[in-house]
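There are 2 protein chains.
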Amino acid sequence: MSMKELPLVSAPCCAPGAPPLPEEERVVLAARFKALADPTRVAIVNRLAGADEVCVCVFVGELGLAQPTVSHHLRVLREAGLVEARRRGTWAFYRLVPEAIAELGFALTGTRASSRRAA
Amino acid sequence: MSMKELPLVSAPCCAPGAPPLPEEERVVLAARFKALADPTRVAIVNRLAGADEVCVCVFVGELGLAQPTVSHHLRVLREAGLVEARRRGTWAFYRLVPEAIAELGFALTGTRASSRRAA
DNA sequence: TTCCTTGATCGATGAACGTCGATGCAACGG
DNA sequence: CCGTTGCATCGACGTTCATCGATCAAGGAA
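Chains A and B, in that order, give the protein sequences.
Under this note's numbering, read the first sequence as residues 1 to 119, first letter to last.
Under this note's numbering, read the second sequence as residues 1001 to 1119, first letter to last.
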């Protein structure tokens, strides 16, 4: 693997009155935002937000993209820590990591969202 | 100006249980996240979050980048609707658009942050 | 074992991005 | 008027990214 998992960033960056951010945290935050800086990946995350687990084959069918392309986007999201994969036989199911999403939201607004897991 | 301002997106995209997002909204959201997908621009937004208005010359001095590069990043943030400029004589002062930041946070968490302006 | 299926990786290609020097343009001071 | 200052735009260069076809690895069924 070429990239390690991204460390946590627990300070707001963009909310009015936020304290200065050290260099490394800016890099980490930018990397996470970059993972969402593509319509396809926004669609994937949004799709996962509506269903607990989604098979890769479903994404290939719904997104209208080639399978390697879908796999590439899933990898980007995985390395950003926004999604995680669960292997079940031949299939791979992806699901959101709500804490990572909430952390990004906190970095933006400086306000903790009430963490609520989908039942 | 070559580009129009981005329209508003008022629905969450990434919070657990979020409804499906139409194509156009995914593109708009991805474009906004892309504006934050760079360490320099995160630094600019973070700097603006700590002070109401900042002169362009200050950014040039603090970021250690050439003036055209800073102007480029400010343009990206401006076209994303995250910052706005105020001309005062020869100088240009930039400031945050807190509503745009908060809107991005809402898209992520599905929770409205208590809008609070820096005094 | 031998197929078929699912998903990840590799390699290549075209587009987009970050960076900077040079230039343009408006506002001020002489 | 002319020269300077502050910022935006332009052009170019090197890097990164999105996309796809081909290939590979792992599992299930015969």
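Positions of the beta carbon are idealized from the N, C-alpha and C atoms, including for glycine.
- Here DSSP, grouped into helix, strand and coil, assigns Arg-1087 (chain B) to strand.
- Put simply, the CB of Pro-98 (chain A) is near chain B, with a gap under 8 Å to one of its CB atoms.
- Counting along the chain, Val-1058 (chain B) sits inside the alpha helix (DSSP H) bounded by residues 1056 to 1063.
- In chain order, Val-42, Val-45, Asn-46, Ala-49 make up the part of chain A whose C-beta sits under 8 Å from the C-beta of Cys-1013 (chain B).
- Taking 8 Å as the cut-off, the Cβ atoms of Ala-49 (chain A) and Ala-1015 (chain B) count as close.
- With contacts defined as CB atoms closer than 8 Å, Ala-37 (chain A) and Phe-1106 (chain B) fail to qualify as a contacting pair.
- Pro-39 (chain A) places its beta carbon 8 Å or farther from that of Val-1042 (chain B).
- Neighbourhood of Gly-105 (chain A) in chain B, by CB distance below 7 Å: Gly-1105, Leu-1108, Thr-1109, in chain order.
- For Arg-1112 (chain B), there is no enclosing alpha helix (DSSP H), since its DSSP letter is neither H nor E.
- Residues of the stretch 20 to 38 of chain A with a C-beta less than 7 Å from any C-beta of chain B: Pro-20, Leu-21, Arg-26, Val-27, Leu-29, Ala-30, Phe-33, Lys-34, Leu-36, Ala-37, Asp-38, listed in chain order.
- Assignment of Leu-1082 (chain B) by DSSP, reduced to helix, strand and coil, places it in the coil class.
- The beta-carbon of Ala-1085 (chain B) is placed no less than 8 Å from the nearest beta-carbon of chain A.
- Within chain A, not a single residue places a beta-carbon under 8 Å from that of Ala-1066 (chain B); the smallest gap is close to 19 Å.
- Where Val-42 (chain A) is concerned, the enclosing alpha helix (DSSP H) starts and stops at 39 to 50.
- Ile-101 (chain A) places its beta carbon less than 8 Å from that of Leu-1108 (chain B).
- Nearest CB-CB separation between Ala-1102 (chain B) and chain A: below the 8 Å threshold.
- Residues Ala-11, Cys-13 of the same chain have their beta carbon placed closer than 7 Å to that of Leu-21 (chain A), with the five preceding and five following residues left out of the count.
- About 12 Å separates the CB atoms of Leu-1077 (chain B) and Val-1054 (chain B); that is not less than 8 Å, and the two are not in contact.
- Within 10 angstroms of the beta-carbon of Glu-24 (chain A) lie fewer than 16 other beta-carbons, which makes it exposed.
- The three-state secondary structure of Ala-35 (chain A), taken from DSSP, is helix.
- A direct Cα-Cα distance of roughly 10 Å separates Leu-1063 (chain B) from Cys-1057 (chain B).
- Taking a C-beta distance under 8 Å as the contact criterion, Ala-1031 (chain B) and Gly-1110 (chain B) do not qualify as a contact pair.
- For Ala-1080 (chain B), the nearest beta carbon of chain A is not closer than 8 Å to its own beta carbon.
- Judged by beta-carbon spacing, Val-70 (chain A) lies beyond the 8 Å limit of Glu-84 (chain A), meaning their Cβ atoms are not closer than that value.
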